[in-house]
Amino acid sequence: MTEATNIWTATASEITKAVRESLIAMNCGEPGPGDVYDQLMLLGRSGLEELVPSVREIGAREFDSVMAVVVDLLGGDGIAVHGELPIWLRVYPNVEGRLPAYSADDWRWIRLSTIQEVQPRRAIAIGDDSRTWQFMVNVVANGQVYSATQRLFLGASVEKPVDRLLTLVSAAVSEEQRRRMQL
1 MTEATNIWTA
11 TASEITKAVR
21 ESLIAMNCGE
31 PGPGDVYDQL
41 MLLGRSGLEE
51 LVPSVREIGA
61 REFDSVMAVV
71 VDLLGGDGIA
81 VHGELPIWLR
91 VYPNVEGRLP
101 AYSADDWRWI
111 RLSTIQEVQP
121 RRAIAIGDDS
131 RTWQFMVNVV
141 ANGQVYSATQ
151 RLFLGASVEK
161 PVDRLLTLVS
171 AAVSEEQRRR
181 MQL
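Each residue of the sequence shown is one higher than the one before, counting from 1 in the numbering used here.
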């Protein structure tokens with residue numbers, strides 16, 4: 001690990017601990033990772049700066065990196081794949097104007113190789129500062145739009161799950177082409 005990565009991890013741990021403690025202080029009981037993540041999204045950067053003053057000292061790119069570590073600490077990006085060499089992606093039907101579905105029975109598996117687009121989309125955007133917007137990650141496969149995860153991502157921290165999906169799709173397409181050539 002680099003020194004920067006260690007600092008990001010320490011800051012991310014400090015943020016999650018402070019948010020967890022603030023939820024406990026509000027008599028919310030013992031919060032789970034999802035509760036902490038939801039509260040982080042509500043607070044945004046300015047709220048986090050009040051809760052964890054050291055956040056004021058980091059630049060925008062560093063903050064995005066810290067938020068990517070926070071996502072990992074709180075259970076990851078929510079992107080689910082299946083297969084030893086992943087060829088399937090769990091998706092949720094996308095409904096225009098709505099956040100990703102949370103119904104347990106409202107998901108399906110699609111082949112990664114059928115994905116034609118990976119789209120970071122604004123889910124909650126108030127004001128002109130895109131760093132405070134919350135983004136969802138959509139994919140387009142066979143003309144249908146799906147949400148690739150139920151998670152929302154603050155500002156540019158959406159880049160990490162988008163990059164992960166692009167890598168997964170590229171690997172699946174390459175593997176499919178390799179298998180076809182063997183036939």
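Positions of the beta carbon are idealized from the N, C-alpha and C atoms, including for glycine. No experiment lies behind these values; they were computed from the predicted model shown.
Item to complete: Could you check which residue in 140, 183, 73 and 113 has the C-alpha nearest to that of residue 167?
Response: 113
Worksheet entry | Beta-bridge partners of residue 30, as assigned by DSSP | Residue pairing from DSSP leaves residue 30 without any beta-bridge partner.
Worksheet item: Between residue 32 and residue 41, what straight-line distance do the alpha-carbon atoms span, to the nearest angstrom?
Response: 15 angstroms
Practice prompt. Could you check the C-alpha separation between residue 58 and residue 177 for me, to the nearest Å?
Written response: 44 angstroms
Worksheet item: Buried or exposed: which applies to residue 36, given that a residue is buried once 16 or more other Cβ atoms fall within 10 Å of its Cβ?
Response: buried
Worksheet entry | Rounded C-alpha distance that separates residue 132 from residue 165 | The C-alpha of residue 132 lies about 23 angstroms from the C-alpha of residue 165.
Discussion item. Taking 8 angstroms as the cut-off, is the C-beta of residue 70 nearer than that to any heavy atom in the ligand GDP?
Written reply: Of the ligands one can find in the structure shown there are none, so the ligand GDP has no counterpart to examine.
Worksheet item: Three-state secondary structure (DSSP) at residue 123?
Response: strand
Worksheet item: Cβ atoms of residue 7 and residue 55: under 9 angstroms apart, would you say?
Response: no
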